[in-house]
Structure formats: C-alpha cells, structure tokens
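S.K.: Can you keep this structure in mind? I'll have questions shortly.
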Amino acid sequence: MESTKKNLYTADATAVGGRSGHVRSATGIIDLDMSVPEGLGGKKNATNPEELFAAGYSSCFQQALLVIAQRAGDKLDPNTEVKCSVTLFQEGEGYGLSAILDVDLKSFDRTKTIDMVKQAHKICPYSVGTRGNMEVELKVQGESIPVDANENAGVAEKGGVQDGANS
Numbered sequence: 433m434e435s436t437k438k439n440l441y442t443a444d445a446t447a448v449g450g451r452s453g454h455v456r457s458a459t460g461i462i463d464l465d466m467s468v469p470e471g472l473g474g475k476k477n478a479t480n481p482e483e484l485f486a487a488g489y490s491s492c493f494q495q496a497l498l499v500i501a502q503r504a505g506d507k508l509d510p511n512t513e514v515k516c517s518v519t520l521f522q523e524g525e526g527y528g529l530s531a532i533l534d535v536d537l538k539s540f541d542r543t544k545t546i547d548m549v550k551q552a553h554k555i556c557p558y559s560v561g562t563r564g565n566m567e568v569e570l571k572v573q574g575e576s577i578p579v580d581a582n583e584n585a586g587v588a589e590k591g592g593v594q595d596g597a598n599s
C-alpha cells in the first residue's frame with residue numbers, strides 16, 4: 433500500500449537546562465521557565481514537561497472530537513471539556529508517563545459520547561503517537577470506558593477513519 437502521509441505542520445522548540453531550565457518555541461509564543469514538578473521539590477511558578485504534554489493532548493483531543501462531530505453532521509457544545517491528567521512514574525531505572533483523558537461533551541447522551549470519544553482516540557495525533565508506548569485511559573464524565581484492542585488500533589494500522597464511521 434502506498435503511503436498517503438502528508439506533512440501539515442512542524443513545530444520547533446528549544447530547551448536549555450532540562451527540567452530546571454527554560455523552553456522557548458521558535459515562534460516565541462512559548463517562552464517558559466521549567467522546573468521539576470512542585471510536588472517533587474521544584475519551583476512554584478514554573479511549568480514542567482508533564483503540564484505541557486497534558487495541555488497539548490487535551491487541546492489536540494478536543495480538536496479530534498470536533499472533526500468527528502463535523503463528519504457526522506453534529507456540532508460540539510462550546511462548553512465541551514477535555515481534561516488530560518498526565519502522570520510521571522518511575523519503573524525500575526526508567527521513567528514513563530501515563531495519561532487519563534476525561535471528556536464531557538455536554539450536549540450528547542452517554543452512548544453517543546462514548547462512540548465519539550473512541551473515534552477521536554483513533555485519529556488524534558497524540559493518541560496515535562502514544563499508542564503502544566504509554567497507557568492512556570479514556571473517561572466520560574469521570575467514568576472509565578472500555579476500549580478493546582481493536583478499537584485502540586491507530587490510523588496507520590487500520591487504514592484511516594472514514595467520515596465518522598468506526599474503522
């Protein structure tokens with residue numbers, strides 16, 4: 433099968449000093465002091481990689497939900513929320529991340545919301561990029577939703593998502 437990959441955008445950022453340093457995006461919009469998380473002895477008024485990852489993932493996942501809604505001819509409530517919690521953990525000598533995505537679509541019933549969340553998880557670039565590399569739990573209004581292995585397959589593994597249909 434021929435690849436249909438088409439680069440859409442590349443973001444650049446430079447970090448100096450690691451977790452106790454500074455990060456700046458090429459555009460200058462992100463220009464932040466970094467710190468170990470405050471709960472691990474870091475500074476109070478600085479961010480950390482986990483916060484930035486959570487912010488990016490929640491925003492990206494909400495955009496994926498918007499795409500799924502548009503494909504189905506639906507519209508998301510402007511108060512739709514996607515909360516992402518990212519946990520840093522140590523396992524043996526290494527470190528890792530896990531995430532929880534908790535979605536509240538406001539205007540759809542639970543069944544439809546669960547379906548939309550599962551579809552968004554298939555196409556969200558963060559979900560695709562982390563699949564098989566970190567544990568991601570999906571929730572709807574605080575309640576975990578089951579995701580089987582087939583539903584957790586990525587876009588590349590399944591050949592894409594067709595106009596709102598489950599692949």
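Counting from 433, one number per residue, gives the positions in the sequence shown under our numbering.
Glycine residues also receive a C-beta, built at the ideal position from the N, C-alpha and C atoms.
Computed from a predicted model, the values in this text were never measured in an experiment.
(1) Taking only three categories from DSSP, how would you classify SER508?
(2) Less than 9 Å between the beta carbons of LEU537 and VAL572, yes or no?
(3) Does the Cβ-Cβ distance between LEU570 and VAL518 come in under 9 Å?
(4) Kindly give me the distance between the Cβ atoms of ALA478 and SER490, rounded to whole angstroms, as I take these residues to be in contact under 8 Å.
(5) Hey, would you say ALA531 sits closer than 9 Å to VAL568, going by beta carbons?
(6) What is the DSSP secondary structure of ASP444, counted as helix, strand or coil?
M.R.: Based on what the coordinates show:
(1) The question names Ser, but residue 508 in the sequence shown is Leu. DSSP places LEU508 in coil when its eight states are reduced to three.
(2) yes
(3) no
(4) Not a contact, Cβ separation roughly 20 Å.
(5) yes
(6) coil
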